[in-house]
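A short worksheet on the structure shown next.
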Amino acid sequence: MAIPVAHGPCIHDCAFTARFVIVLDLPVTFSFRALLAGYRFPFRWNPRHGARVGLLPRQGDGADILRCEVDPCFVFHIANAYEDADGQVILDVIAYATVFTAIGGGLDEPGRLGHRIPSGFHGNWFPAHDPSGMV
């Protein structure tokens, strides 16, 4: 099924609840410039793209998607998704404020855990920890 999006976003993961398929439309998009420069991962942070979480009704099609604007971030994987007693969609994720902004790509800073959709973000910051001292 086609879901209309702009800028060629890197839709890396999705999730399911009782009523919805969750589609993350976040500001990491295909970069033709990175591809031409020879980078093996041709996606870069694109602040012009914005950030949305799409709620696609399980029995719907691409035209039925509900788009919830969220603060710009990137999520590699959704750990859990469900609907609470009030019908709010809850996503358990680690979200990065930015990723792939440097020439070679990569993570820019530690992620945060726990976002509510569509009422806004909440959660905790978890600092990156590398026992080897390499990071």
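Residue numbers for the sequence shown follow the numbering used here, so the first one is 552 and each next one is one higher. Beta carbons are placed, not taken as given, at the ideal position from N, Cα and C, and that holds for glycine.
Per-residue burial, residue i [other beta carbons within 10 Å of its own, 16 or more giving buried]
i: PRO625; result: Reading the sequence as shown, one finds Phe at residue 625 and not Pro. So PHE625 ends up on the buried side.
i: GLU634; result: exposed
i: ALA602; result: buried
i: PHE651; result: buried
i: ARG595; result: buried
i: PRO578; result: buried
i: PRO560; result: buried
Rounded C-alpha distance that separates residue i from residue j
i: LEU575; j: GLY605; result: 6 angstroms
i: ALA566; j: ALA632; result: 6 angstroms
i: PHE592; j: HIS563; result: 13 angstroms
i: ARG584; j: ASP622; result: 26 angstroms
i: ARG667; j: SER582; result: With a pLDDT of 48 at ARG667, under the threshold of 50, the predicted position of this residue should be treated as unreliable, though the coordinate-derived value follows. Those two C-alpha atoms are separated by around 30 angstroms.
heavy atom of the ligand COA below 7 angstroms from residue i C-beta
i: ASN597; result: Although the ligand COA was asked about, the structure shown includes no ligands whatsoever.
CB contact flag (residue i, residue j, <8 angstroms)
i: VAL572; j: LEU607; result: yes
Which full runs of the alpha helix (DSSP H) of 4+ residues lie inside the stretch 563-603, going along the chain? For the stretch 563-603, whole alpha helix (DSSP H) runs of length 4 or above, ordered along the chain, are 583-587.
Pairs of beta-carbons, one from the stretch 586-597 and one from the stretch 634-644, closer than 8 angstroms: are there three or more? They do not touch, by the three-pair rule.
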